[in-house]
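Colleague: Mind having a look at this structure? Questions to follow.
Residue numbers (the UniProt record's numbering): 1 to 566.
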């Protein structure tokens, strides 16, 4: 890429990709992904950045002499440079060279040393990672005794595979004076070759380095502070320092990398691709994991919802059967009462009254009706209790799923799920704490609410019968006046007819009650609440599906964006 037209084409393409990346980050954060603000800032900075300075970042283990290398490169010692291991910096320092190059000195990539930043504990590694993807050239500073450790594998893959920084990296063996006689050129070259072979072998093991990649590796060895005489001393003896330190070999390799990668402008644009890869490679595994969790949760909730819907349909079916049974019972029961009543006489009415009515209010009749309602609805009560408990279980499981997402380090539980209504207080049934206890006595509640309009008339007609209940057989038979006896019988038969009409009215009202909407609505008021909750659960399932769809769309967009930079 040597022509201006090539660079302009790349700039235009990268601008489009970075615009898409900014939107991708915004969309991901709206979904609830925990994408740190620094990623968004880097993307926007790269999008708006017209600066063509080359950024050279020094990374490596903590206290590997990175700052000393910076001082050697610059051939000057700034006041903010901390050279001694005990004073190693926990900050990122930036040094300019002729307004063309920025050297970025990072705290360290390996190890777990931490700093407290306004109460927030942050690993030095995390501080370093924030700057790496923005760099155009990487100076990977290594300990000469043990350059690459097995524990570095994860970070090596992130650097050289995910961010694809290997073509823009120079491996720098630091403090080489501790390994060789730096004044013996032959010893220096021999030991450097041995170290190169060791580095190549470790990279093959850790990142599957290919033979062609091995040939293109840039590996140098420097001594930024020969014989530990101090940076101040060597800056006063620059000619000898340049010879012993071999710092010029580092500068030369860095220039080769710049040239090999198409020059300064091409490198600036190429680094923007690393920023895109940094975000996508970090969050695609999270999205994949989250997608699996949501799919599993959706299947669980769908199965639970389908079962609850079937159970509710069974309850409705059993309600219809209960109504039919109560209708048949009422027809049999009142037919029997009317038949018995029609066969009574003044002398036998007392027995009928005591057996079937009980008192002047006819409480035995209403008790019998209420008992039958309770008997027919007992199993429905049990089914309602079980269904209410199952819905409770589904709500608790939804909450547990939210916690499961949180355990995976995914904040989608506090954003996407709440925004979708998956975890919402309105899903908790009104009066849920009392629902089960209410359901246990629901049949009795309905029976007690059966207050037929004809009850007063029935009681009045029963009261008309009271004189005949107290009339002894001997008193009636001793009535010598036949006319009077006939009048009493006529009154008695009239009373029976009125009582029969009242019983028929009770039968009609009871039938209307148990077969009409009143009974069903009264009985199923909690069933209605459950139906409303099932509607909310159905809506909740739709929201889970929408969330899953949005995640898949985000993943596909990210993959498409990634494919455009490969």
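For each residue, glycine too, the CB sits at the ideal point set by N, CA and C.
Does the distance from the CB of residue 26 to the CB of residue 47 come in under 9 Å?
Modeller: No. Outside cutoff.
Colleague: Can you tell me whether residue 278 is buried or exposed? The criterion is at least 16 other CB atoms within 10 Å of its CB, across all chains shown.
Modeller: Buried, because 16 or more other Cβ atoms sit within 10 Å of the Cβ of residue 278.
Colleague: Take every Cβ of the segment 373-388, pair it with every Cβ of the segment 306-321, and state whether three or more of those distances are shorter than 8 Å.
Modeller: Yes, the segment 373-388 is in contact with the segment 306-321.
Colleague: Would you mind stating whether residue 219 and residue 268 have Cβ atoms separated by less than 9 Å?
Modeller: Against a cut-off of 9 Å, the Cβ pair of residue 268 and residue 219 comes out as no contact.
Colleague: Provide the residue(s) that pair with residue 141 in DSSP beta bridges, ordered along the chain.
Modeller: Its beta-bridge partners are 60, 172.
Colleague: Between which two residues does the alpha helix (DSSP H) containing residue 212 stretch?
Modeller: 211-216 is the span of the alpha helix (DSSP H), which, as asked, contains residue 212.
Colleague: If you run the structure through DSSP and keep just helix, strand and coil, what is residue 53?
Modeller: Coil.
Colleague: Looking at residue 105: is its Cβ nearer than 9 Å to the Cβ of residue 54?
Modeller: No. Outside cutoff.
Colleague: Quick check on the burial criterion: 16 or more other C-beta atoms within 10 angstroms. Buried or exposed for residue 145?
Modeller: Its Cβ having fewer than 16 others within 10 Å, residue 145 is exposed.
Colleague: Leaving out five residues before and five after residue 281 in sequence, what residues of the same chain have Cβ atoms less than 7 Å from its Cβ?
Modeller: The answer, listed in chain order, is 162.
Colleague: Report the start-end ranges of each alpha helix (DSSP H) in the segment 334-366 that is 4 residues or longer and not cut off at the edges.
Modeller: List check, alpha helix (DSSP H) in window: 349-356.
Colleague: Rounded to the nearest angstrom, how far is the Cβ of residue 302 from that of residue 519, given a contact under 8 Å?
Modeller: Not really, about 33 Å apart at Cβ, beyond 8 Å.
Colleague: Exposed or buried, residue 188, counting other C-beta atoms within 10 Å across all chains shown (16 or more means buried)?
Modeller: Its Cβ being crowded by 16 or more others within 10 Å, residue 188 is buried.
Colleague: Which of the three DSSP states, helix, strand or coil, is assigned to residue 94?
Modeller: Strand.
Colleague: Does DSSP put residue 102 in a helix, a strand or coil?
Modeller: Of the three classes helix, strand and coil, the one that applies to residue 102 here is strand, per DSSP.
Colleague: Between which two residues does the alpha helix (DSSP H) containing residue 73 stretch?
Modeller: Segment 66-74, the alpha helix (DSSP H) holding residue 73.
Colleague: Would you kindly check if the distance between the Cβ of residue 64 and the Cβ of residue 174 is under 9 Å?
Modeller: Cβ distance < 9 Å, so residue 174 and residue 64 count as in contact.
Colleague: Exposed or buried, which one is residue 286 when buried takes at least 16 other CB atoms within 10 Å?
Modeller: Per the 10 Å Cβ criterion, buried.
Colleague: Measuring CB atoms only, is the segment 497-508 touching the segment 324-344, in the sense that at least three cross pairs come out at less than 8 Å?
Modeller: Result yes; three or more Cβ-Cβ pairs closer than 8 Å.
Colleague: How about residue 203 and residue 221: do their beta carbons lie closer than 9 Å?
Modeller: No, the Cβ-Cβ distance between residue 203 and residue 221 is not below 9 Å.
Colleague: Buried or exposed: which applies to residue 328, given that a residue is buried once 16 or more other Cβ atoms fall within 10 Å of its Cβ?
Modeller: With fewer than 16 Cβ atoms within 10 Å of its Cβ, residue 328 is classed as exposed.
Colleague: Return no unless some Cβ of chain D is closer than 9 Å to the Cβ of residue 262.
Modeller: Judged by its chain identifiers, the structure shown contains no chain D, having just a single protein chain.
Colleague: Quick check: the Cα distance between residue 28 and residue 271, rounded to an integer number of angstroms?
Modeller: Near 23 Å, if we compare the C-alpha coordinates of residue 271 and residue 28.
Colleague: Which value, in whole angstroms, describes the spacing of the CA atoms of residue 563 and residue 42?
Modeller: So the alpha carbons of these two residues sit roughly 20 Å apart.
Colleague: Can you say whether residue 37 is buried or exposed, counting buried as having 16 or more other CB atoms within 10 angstroms of its CB?
Modeller: Its Cβ having fewer than 16 others within 10 Å, residue 37 is exposed.
Colleague: How many Å lie between residue 135 and residue 255 at the Cα?
Modeller: Between residue 135 and residue 255, the C-alpha separation is close to 15 Å.
Colleague: Given this structure, state the Cα-to-Cα distance separating residue 150 from residue 97, to the nearest angstrom.
Modeller: Distance between the alpha carbons of residue 150 and residue 97 is about 35 Å.
Colleague: Check residue 220 in the structure and name its three-state DSSP category.
Modeller: Residue 220: strand per DSSP, three-state reduction.
Colleague: Would you report the Cα separation of residue 485 and residue 372, rounded to the nearest angstrom?
Modeller: Roughly 40 Å separates the two Cα atoms.
Colleague: Quick one: Cα of residue 527 to Cα of residue 543, how far?
Modeller: Straight-line Cα distance between these residues: approximately 24 Å.
Colleague: Is residue 359 buried or exposed, if buried means 16 or more other CB atoms sit within 10 Å of its CB?
Modeller: Residue 359 comes out exposed.
Colleague: Just the C-alpha distance for residue 374 and residue 343, rounded to the nearest angstrom, thanks.
Modeller: Rounded to whole angstroms, residue 374 to residue 343 spans 31 Å at the Cα level.
Colleague: Taking C-beta to C-beta, are residue 545 and residue 291 nearer than 9 Å?
Modeller: Their beta carbons are not under 9 Å apart, which means residue 545 does not touch residue 291 by this criterion.
Colleague: Between residue 296 and residue 22, what straight-line distance do the alpha-carbon atoms span, to the nearest angstrom?
Modeller: The straight-line gap from Cα to Cα measures roughly 30 Å.
Colleague: Closer than 6 Å by C-beta to residue 391: which residues in its own chain qualify, once you throw out the five before and the five after it? Chain order, please.
Modeller: Contacts found: 533.
Colleague: Identify, in the order they occur along the chain, each residue of the same chain with its Cβ nearer than 6 Å to the Cβ of residue 157, setting aside the five sequence neighbours on each side.
Modeller: Only 207 meet the Cβ criterion.
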